Every structure is written in structure tokens, then in C-alpha cells.
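Take a look at the structure below.
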Amino acid sequence: MINVDISTAVGGLKLKNPVMPASGTWGYGEEYAEFYSPAELGAVVVKGTTLEPRQGNEPPRIAETPAGMLNSVGLQNVGIERFISEKIPFLRENKCIVIANIAGGAIDDYAEIAKRLDAEKDISAVEVNISCPNVKKGGIAFGVRADTASAVIKSVRKAYKGALIAKLSPNVTDIVEIARACIDSGADALTLINTVKGMSIDINSRKPLLPNSTGGLSGPAIKPIALRMVYEVKKATGADIIGVGGIECFEDALEFIMAGASAVQVGTANFYNPFIMPEIISGLKAYLEENGISSVKELIGVAAR
Amino acid sequence: MNSREKLSSDKIFFGLREVISIKEIIKGTFLLEISSSEQLSKSDAGQFVYIIPRIQKRTILPRPLCIADADAGSVKLIFRVKGKGTLCLSGLSKGDRISVMGPLGKGFKDIKGPVLLAGGGLGAAPLYFLAKKLQNNEKTSIVLGFKNKNEAYFIDEFKSVLRNVFICTDDGSLGSRGNAAEKVREIISGEKILCACGPRPMLKSLSDFAGERGIRIFVSLEERMGCGMGACLGCVVKIRSGGKEEYQRVCKEGPVFDGSKVIY
Numbered sequence: 083m084i085n086v087d088i089s090t091a092v093g094g095l096k097l098k099n100p101v102m103p104a105s106g107t108w109g110y111g112e113e114y115a116e117f118y119s120p121a122e123l124g125a126v127v128v129k130g131t132t133l134e135p136r137q138g139n140e141p142p143r144i145a146e147t148p149a150g151m152l153n154s155v156g157l158q159n160v161g162i163e164r165f166i167s168e169k170i171p172f173l174r175e176n177k178c179i180v181i182a183n184i185a186g187g188a189i190d191d192y193a194e195i196a197k198r199l200d201a202e203k204d205i206s207a208v209e210v211n212i213s214c215p216n217v218k219k220g221g222i223a224f225g226v227r228a229d230t231a232s233a234v235i236k237s238v239r240k241a242y243k244g245a246l247i248a249k250l251s252p253n254v255t256d257i258v259e260i261a262r263a264c265i266d267s268g269a270d271a272l273t274l275i276n277t278v279k280g281m282s283i284d285i286n287s288r289k290p291l292l293p294n295s296t297g298g299l300s301g302p303a304i305k306p307i308a309l310r311m312v313y314e315v316k317k318a319t320g321a322d323i324i325g326v327g328g329i330e331c332f333e334d335a336l337e338f339i340m341a342g343a344s345a346v347q348v349g350t351a352n353f354y355n356p357f358i359m360p361e362i363i364s365g366l367k368a369y370l371e372e373n374g375i376s377s378v379k380e381l382i383g384v385a386a387r
Numbered sequence: 005m006n007s008r009e010k011l012s013s014d015k016i017f018f019g020l021r022e023v024i025s026i027k028e029i030i031k032g033t034f035l036l037e038i039s040s041s042e043q044l045s046k047s048d049a050g051q052f053v054y055i056i057p058r059i060q061k062r063t064i065l066p067r068p069l070c071i072a073d074a075d076a077g078s079v080k081l082i083f084r085v086k087g088k089g090t091l092c093l094s095g096l097s098k099g100d101r102i103s104v105m106g107p108l109g110k111g112f113k114d115i116k117g118p119v120l121l122a123g124g125g126l127g128a129a130p131l132y133f134l135a136k137k138l139q140n141n142e143k144t145s146i147v148l149g150f151k152n153k154n155e156a157y158f159i160d161e162f163k164s165v166l167r168n169v170f171i172c173t174d175d176g177s178l179g180s181r182g183n184a185a186e187k188v189r190e191i192i193s194g195e196k197i198l199c200a201c202g203p204r205p206m207l208k209s210l211s212d213f214a215g216e217r218g219i220r221i222f223v224s225l226e227e228r229m230g231c232g233m234g235a236c237l238g239c240v241v242k243i244r245s246g247g248k249e250e251y252q253r254v255c256k257e258g259p260v261f262d263g264s265k266v267i268y
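Here the protein sequences come in this chain order: A and B.
Per this note's numbering, the first sequence runs over residues 83 to 387.
Per this note's numbering, the second sequence runs over residues 5 to 268.
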């Protein structure tokens with residue numbers, strides 16, 4: 083059997099393997115440490131952080147849908163100060179590669195958080211969330227237009243020297259246009275995709291089930307959409323991509339890699355199998371061994387050429 | 005041994021368990037008995053177990069079920085058919101294997117001295133587990149409230165572990181007429197701790213009462229859940245904490261909360 087290499091790189095960031103959690107589905111890494119060390123993962127992407135702490139949306143925040151779920155958490159988080167003082171130490175002690183996901187209601191908020199994180203040597207990259215569908219101000223509003231997406235990325239680029247990843251919304255007409263705008267504005271890589279805006283109605287109350295009316299759809303239901311977007315963006319731009327959307331096994335991860343993703347994120351599947359990420363990592367390794375492929379990098383984008 | 009069994013942590017089991025029995029105890033409500041594990045046998049009353057039904061992969065989220073009893077031999081779970089997931093669980097048969105994760109959450113801890121328990125409807129189930137753990141304390145009493153006699157369950161089980169069992173129904177078809185919150189006000193006699201599980205209005209009423217009387221109250225809450233591990237922030241309830249109101253997680257800080265701090 084050959085020695086296989088599952089390390090990868092995205093936006094200049096070297097990862098020992100291509101698997102990481104999607105922001106907001108794995109807390110700050112502490113929650114699942116009960117089961118295995120977060121250092122087993124390629125990186126840990128933490129819950130979206132805003133400048134000030136946020137309470138988030140009124141419950142219920144979750145609705146299951148066919149092969150998926152809607153969420154409307156609304157970026158409940160402890161704010162940048164407490165993130166730095168209370169959450170980073172655990173990740174540092176566990177020697178994790180940390181990707182901080184950042185969000186804001188105004189462009190200046192993003193720049194301010196980025197500036198704070200630029201001084202934190204334990205943060206390896208920032209993932210700029212311009213795609214949250216569940217907050218009233220900011221979030222997705224920035225990510226659905228090329229000019230506003232560009233403005234946010236430019237301001238973060240000025241404030242942050244490390245790897246800059248833009249997390250894009252699928253709720254757009256032309257994903258390639260937004261992707262290009264982000265790359266041209268200084269993003270080193272793209273995360274594709276955030277949740278798809280959706281709805282569920284309670285037929286007893288005759289009202290939307292979520293108090294916020296709409297929520298973000300995730301889970302296997304959105305995998306074909308995510309895969310198509312990764313493929314389109316890879317083909318058109320050649321950019322480094324982290325693929326995310328409905329991944330629940332190593333075969334799904336491989337599809338994303340072949341479509342053009344250099345790494346993948348796992349979200350909803352963590353909820354029904356807390357060991358899914360280590361399982362995907364070993365599955366990828368076994369696939370390479372069985373197929374005589376020496377490095378996972380050889381597979382990136384093979385289906386998009 | 006199932007290979008996944010090795011993946012469990014010291015405290016939380018994750019893997020397949022076998023259905024020992026399943027019985028419809030009242031219409032639409034099932035008692036599901038599954039094989040146990042070291043972790044599950046150490047469950048606290050008020051904790052919950054995740055059962056993961058995946059009907060042709062269309063349902064994906066686990067279902068939190070309350071623990072009605074747990075020991076080294078088996079774990080008894082109670083659930084009511086509400087939607088696709090619980091409907092699927094109701095069709096399980098003896099010998100089936102199901103994906104299980106637990107115990108999860110924070111249950112009733114360090115409950116000592118004269119205690120009054122109050123359970124409404126399905127909320128009686130986790131209190132049976134608590135009653136069993138408190139059965140050597142002769143000063144433990146329970147009030148059980150049901151809609152009517154057809155909705156009542158576990159009466160004999162409660163009577164076998166507690167001396168004082170008070171039953172009431174909304175229509176008076178079993179025990180006295182009235183709801184559990186009213187009955188608690190009527191029969192309370194010097195207990196300093198109240199443990200309650202049931203519909204939110206009942207828990208609110210009891211929390212108000214406990215506040216007036218200056219007694220401690222612990223309530224068990226439920227909410228739609230995602231991860232069950234505290235990561236996704238899906239299952240929150242509003243709690244008073246340090247002069248502020250904040251959302252706390254039913255799966256992590258709860259399901260059992262200090263009732264005086266819950267914003268109902």
C-alpha cells in the first residue's frame with residue numbers, strides 16, 4: 083500500500099487534512115471535545131463573531147425539513163472581546179488551526195473585528211460571513227451584490243494580514259460574479275455555500291414556523307446546489323475554495339473536492355453523527371490508498387477541467 | 005460489539021442499542037425500552053437521550069426523549085407521536101437496532117430534604133426516574149396532573165416508589181378535578197423544594213407560587229433541538245442571569261433550570 087498524503091492548502095493556509103466544521107455547527111470547539119480532540123481536524127471554524135455580543139433570534143430556531151433543516155439562530159454570540167479572552171485559550175491549548183468567522187451590521191464592524199484578530203497569533207485565518215440569512219442588518223445584504231461584497235472584503239483586507247476567506251451566499255443570481263468581486267478585492271479563498279433561504283409553515287397556527295418567518299436551509303437537501311456552485315466558481319475563476327453544503331460522508335467530501343474544493347466543511351451532519359468528521363478523514367485516506375492516489379491535491383477540481 | 009461503541013466518550017454513549025420492548029401506554033404515547041450501556045446506566049433524572057431515526061434519510065435530526073428509568077439492564081424512554089420522527093419510532097419492534105446518543109443535558113441534581121414533585125401529562129415520565137432516586141426519602145410527595153383518566157399512566161409505578169401520590173385530572177375522571185399547579189397549592193406542607201415537568205403554563209404558575217412562598221423550584225423544559233451538545237444554539241430559552249436576560253441552551257444548561265430564573 084502506498085503512503086498517502088491528505089494535507090491540503092487553501093488561500094495559503096496549510097492544513098493537515100481537508101476537513102473542518104462549518105461555522106455555527108460546532109460552537110467554539112469545546113462542545114465536542116467530549117468525543118475527540120479538535121486537533122484531529124484540518125481546522126476549527128468557530129461560531130460567527132460580531133463586535134458586540136448578540137442575543138440572537140427568538141425561539142423556535144429550528145425546523146426539520148425533508149433531508150435538511152432550517153435554522154434561524156441569528157448570530158447569537160459572545161462578541162469579539164469575550165471570544166478572544168474566553169474562547170481562544172481552549173483552542174490554543176489544543177493546538178488547533180483556528181479560522182475565525184466574522185460578521186457585522188456595518189462595513190466598519192467587519193474592519194474593526196478584523197483589526198482585533200490581526201493581533202491574535204492563535205487565529206490562522208478569518209472567514210468573512212457576508213451571507214447570514216437570519217439577521218436584519220448586514221449579513222446576507224452584503225453578499226448578494228458584487229459592489230457591497232467587494233466593499234466588505236476590501237475593508238477587511240486592509241485590516242487583516244492573514245488568510246482571508248469570503249463565505250458566500252447561494253441566494254444570488256450569479257455566484258461567479260460575487261466570487262470574482264471578492265477575489266479581486268483581496269480574498270485569498272472562498273467558502274461556498276452558506277445556507278439557502280427557505281421557509282416552513284405550521285398548518286395548525288397557519289403561520290411560518292420560525293418567528294423570523296424564514297430560515298437558512300442546510301443538510302443533504304442542499305448538496306447538489308452547493309456542488310454546482312463550487313464547480314461553476316472553480317471553472318470560471320480557479321480560486322481556492324472550501325466546499326460546504328450537506329456533506330455527510332467521505333464520498334460527499336470527494337464530490338466537492340473533485341468539483342474544485344481544496345477543503346470541505348461539515349455542518350448539519352455533526353448533529354446526527356458527532357464522529358462524522360473523523361470518519362470522513364479516515365474515509366478519504368482509505369479512498370486514496372485503494373485508488374493508488376498519493377495526494378488528495380491531485381483530485382482537486384478534476385471534474386471541473 | 006458494534007465498532008461505533010468504541011467512539012463513545014466516558015460520559016456519553018453513542019452507537020446502536022437494541023429495542024427490548026415498545027408499548028403504547030396511552031393513546032399516541034409510547035414506552036420504549038432499549039438496552040443500556042455504562043454511560044446510560046449513570047443517567048441523572050431529567051437528562052435526555054437522543055434517538056436518531058433516519059427514514060430513508062429524509063429525517064435527519066435526532067429526537068430528544070426523556071428518560072423514565074435507567075439502570076445497567078435497560079433504559080426506558082417515553083415519547084408522544086408528534087411528527088415524522090416520532091411516528092417512525094413508534095413503529096420499532098423488539099430486536100430492532102437504533103442509533104442512540106446520551107445521556108445528554110443537565111438533570112435534577114443534589115435534590116435533598118422534603119421534596120414535592122409535580123408532573124403534568126408527558127412531564128410525569130422524567131419525574132418517575134427522579135421519584136425512584138428519591139424513594140428512600142419518605143418526605144417525597146408527587147402531584148400528577150392529566151387531562152383525563154385515559155391520559156393517565158404510570159400511576160401504580162409511582163405508588164410503588166412514593167408513599168404520597170396525589171392525582172388530579174382536568175375533568176375529574178381520575179383523582180380530584182383540577183390541574184397540577186392548583187393541586188400543589190392545596191397539598192404542599194412545608195416542602196422547601198419543588199421539581200416540576202409539564203406544559204409551560206403549569207411551570208410558570210408553579211414558579212410564581214414558589215416565588216411567593218420562598219421555596220426553590222427546578223423545572224424541566226423542552227424546545228426544538230439541533231445538535232444536543234450545546235454547539236448549534238438552536239434550543240434556547242430566555243433566562244435571567246446576573247441582572248440580564250439571556251438565551252441559554254435547553255440541551256446544555258438545561259433541560260432542568262432554576263424555575264425562578266426562567267422567562268416564560
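No residue lacks a Cβ here, since even glycine has one placed at the ideal position from N, Cα and C.
Keep in mind that this is a model prediction, so the values were computed, not measured.
CB contact below 8 Å: Tyr251(B) versus chain A: It does; some Cβ of chain A falls within 8 Å.
Closer than 7 Å at the beta carbon, the chain A residues around Thr63(B): Here the neighbours are Glu146.
Three-state class that DSSP yields for Leu131(B) in the structure shown: In the structure shown, Leu131(B) sits in a helix (DSSP, three-state: H, G or I).
Backbone CA spacing between Asn294(A) and Ala72(B) [nearest angstrom]: C-alpha separation (whole angstroms): 35 Å.
C-alpha distance - Asp260(B) paired with Gln51(B), whole-angstrom precision: Reading off the sequence shown, one finds Val at residue 260(B), where the question assumed Asp. Roughly 8 Å separates the two Cα atoms.
N-terminal and C-terminal residue of the alpha helix (DSSP H) that Glu272(B) is part of: Any property of residue 272(B) remains undetermined from this structure, which presents chain B solely from 5 to 268.
Cβ of Val155(A) within 8 Å of any chain B Cβ: It does: the Cβ of Val155(A) has a partner Cβ on chain B nearer than 8 Å.
Complete alpha helix (DSSP H) runs within the segment 199-237 of chain A (minimum length 4 residues, chain order): Within the segment 199-237 of chain A, the complete alpha helix (DSSP H) runs of at least 4 residues are 222-225.
Cβ contact check for the segment 159-174 of chain A and the segment 321-340 of chain A: 3 or more pairs under 8 Å: Remark: fewer than three beta-carbon pairs, one from each stretch, lie closer than 8 Å, so the segment 159-174 of chain A and the segment 321-340 of chain A are not flagged as touching.
Rounded C-alpha distance that separates Arg164(A) from Ile159(B): Looking at the two C-alpha atoms, the distance is approximately 49 Å.
Counted within 10 angstroms of its Cβ, other Cβ atoms place Arg228(B) as buried (16 or more) or exposed: Counting C-beta atoms within 10 angstroms of its own C-beta, Arg228(B) has 16 or more neighbours from the protein chains shown and is therefore classed as buried.
Per-residue burial, Glu1(B) [other beta carbons within 10 Å of its own, 16 or more giving buried]: Because chain B is modelled from 5 through 268, residue 1(B) falls outside the range shown and cannot be assessed.
Member of Ala351(A), Ala263(A) and Ile307(A) whose CA lies at the smallest distance from the CA of Ala318(A): Ranking Ala351(A), Ala263(A) and Ile307(A) by Cα distance to Ala318(A) puts Ala263(A) first.
Length of the line joining the Cα atoms of Tyr354(A) and Phe338(A): The C-alpha of Tyr354(A) lies about 21 Å from the C-alpha of Phe338(A).
Continuous beta strand (DSSP E) stretch holding Ser103(B): start and end: Ser103(B) -> beta strand (DSSP E) spans Arg101 to Leu108.
Alpha helix (DSSP H) segments (min. 4 residues) lying fully within the segment 272-321 of chain A: Every alpha helix (DSSP H) stretch that sits fully inside the segment 272-321 of chain A and reaches 4 residues is listed by chain position as 305-319.
Beta-carbon proximity of Leu225(B) to Gly258(B), cut-off 8 Å: Leu225(B) is a Cβ neighbour of Gly258(B), given a cutoff of 8 Å.
For Glu194(A), three-class secondary structure by DSSP: DSSP places Glu194(A) in helix when its eight states are reduced to three.
From Lys256(B), Lys265(B) and Cys255(B), residue whose alpha carbon lies closest to that of Gly246(B): In terms of CA proximity to Gly246(B), Lys265(B) leads the group Lys256(B), Lys265(B) and Cys255(B).
is_contact[Cys241(B), chain A] using C-beta, thresh 8 Å: Contrary to the premise, residue 241(B) reads as Val rather than Cys in this sequence. It does: the Cβ of Val241(B) has a partner Cβ on chain A nearer than 8 Å.
Contacts of Lys15(B) in chain A (Cβ-Cβ under 9 Å): Residues of chain A whose Cβ lies closer than 9 Å to the Cβ of Lys15(B) are, in chain order, Glu116.
CA-to-CA distance, Leu292(A) to Gln158(A), given in whole angstroms: So the two alpha carbons sit approximately 16 Å from each other.
Through-space distance from Ser105(A) to Val346(A), alpha-carbon basis: Rounded to the nearest angstrom, the two C-alpha atoms are 12 Å apart.
Interface residues of the segment 315-347 of chain A facing chain B [CB-CB below 9 Å]: Residues Glu330.
Proximity test, Cβ basis, 8 Å: Gly124(B) and chain A: So no, Gly124(B) is outside the interface.
Rounded separation between Met5(B) and Gln43(B) - CA only: In this prediction, Met5(B) has a pLDDT of 36, which is less than 50 and means its spatial position is unreliable; nothing more can be read from the coordinates.
For Arg8(B), the three-state DSSP class (helix, strand or coil): At Arg8(B) the pLDDT is 45, less than 50, meaning the model places this residue with poor confidence; the figure from the coordinates comes in the next sentence. The answer is helix: DSSP assigns Arg8(B) an H, G or I state.
CB of Asn139(A) within 8 Å of CB of Val126(A), strictly: No. Outside cutoff.
Whether Cys255(B) touches Gly109(B) by CB criterion (8 Å): Against a cut-off of 8 Å, the Cβ pair of Gly109(B) and Cys255(B) comes out as a contact.
Chain-ordered neighbours of Thr230(A) on chain C, where CB pairs are closer than 7 Å: No chain C is part of this structure, whose protein chains are labelled A and B.
Whole-angstrom distance between Ile205(A) and Cys201(B), CA atom to CA atom: Going by the C-alpha atoms only, they are around 43 Å apart.
Beta-carbon proximity check, Ala303(A) vs Ala149(A), cutoff 8 Å: Yes, these two residues count as a Cβ contact at 8 Å.
8 Å contact criterion, which Asn276(A) and Lys316(A) should meet: CB distance rounded: Contact flag wrong, Cβ pair sits at about 18 Å.
Cα-Cα separation, Arg288(A) to Ala145(A): The alpha-carbon separation between Arg288(A) and Ala145(A) amounts to approximately 15 Å.
Cut-off 6 Å between Cβ atoms - residues of its own chain near Lys143(B), not counting five sequence neighbours on either side: Sequence-distant partners of Lys143(B) (beyond 5 residues in either direction) whose C-beta falls short of 6 Å from its own C-beta, in its chain, are Pro118.
Assigned secondary structure, Phe52(B) (DSSP; H/G/I helix, E/B strand, else coil): Residue state, collapsed to three classes: strand.
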